[in-house]
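Novice: Read left to right, the sequence shown gives residues -23 to -1, 1 to 86 (mature numbering (1 follows the signal peptide of the UniProt record, and there is no 0)). Think of the CB as a built atom: it goes at the ideal place given N, C-alpha and C, for glycine as much as any other residue.
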Amino acid sequence: MEKLRIVFVAMVAFVLVLEGVHGICNVSNDGLMECKPCIQNDNPTDAPTKACCAALESADFKCLCKYKDSYVLKTMDINSTRAMELPQLCSIPNAPVSCKSVKRGTPSN
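Written out as structure tokens, the structure reads:
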């Protein structure tokens, strides 16, 4: 069972690397990294940077919501609750208040 878990985590990491080359959900890899300090579980910063907010301006929130409860976020030490607060903290117009207000669909990169 432990071997299966290791293989799964390795596969997830590989997919993240492939997706991270171009970013995810219309957010560049650099943009995602700009946002990480305020959404990480350990010692998060109080507010997102201007660069983080700029990266989220073109985000596909429908796509991002598909990752909200993902095991991937947990492995990357990302607090999904804090991540869902970013659009409001960045004052992004027309951003959803929650994933419940976003119609579910297939993620798109």
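Looking at the secondary structure, which residues open and close the alpha helix (DSSP H) in which cysteine 30 lies?
Specialist: Taken as a continuous stretch (DSSP letters only), the alpha helix (DSSP H) holding cysteine 30 covers 27 to 33.
Novice: From isoleucine 55 to phenylalanine 38, what distance separates their C-alpha atoms?
Specialist: Roughly 17 Å between the two C-alpha positions.
Novice: Cβ atoms of cysteine 12 and leucine 63: under 8 Å apart, would you say?
Specialist: Yes, these two residues count as a Cβ contact at 8 Å.
Novice: Taking asparagine 6 as the reference, which of Lys45, Asn20, Leu33 and Ser57 has the closest Cα?
Specialist: Cα-wise, what sits closest to asparagine 6 is Leu33.
Novice: Among Ser75, Asn18 and Thr26, which residue has its Cα nearest to the Cα of residue 89?
Specialist: No answer is possible for residue 89: the residues shown for the chain start at -23 and end at 86.
Novice: Could you pull the DSSP bridge partners for isoleucine 16 from this structure?
Specialist: Isoleucine 16 is not bridged to any residue.
Novice: Output needed for proline 21: all residues of its chain with C-beta closer than 8 Å, excluding positions within five of it in sequence on either side, in chain order.
Specialist: For proline 21, where only same-chain residues beyond five positions count, the Cβ hits under 8 Å are Pro14, Cys15, Asn56 and Arg59.
Novice: For alanine 36, count the other beta carbons within 10 Å of its own beta carbon; 16 or more makes it buried, fewer makes it exposed. Which is it?
Specialist: Classification of alanine 36: buried, given that the 10 Å Cβ count is 16 or more.
Novice: For my contact list, cysteine 29 and glycine 8 are in at a C-beta cut-off of 8 Å; report their separation, rounded to the angstrom.
Specialist: Right, their Cβ atoms sit about 7 Å apart.
Novice: Which stretch, first to last residue, makes up the alpha helix (DSSP H) that contains residue 96?
Specialist: Coverage of the chain is limited to positions -23 through 86, which leaves residue 96 absent and any answer about it impossible.
Novice: Below 8 Å on the Cβ atoms is my contact criterion, and I expect cysteine 40 with cysteine 2 to pass it. Report the Cβ-Cβ distance as a whole number of Å.
Specialist: That belief holds up - the Cβ atoms of cysteine 40 and cysteine 2 are roughly 4 Å apart, short of 8 Å.
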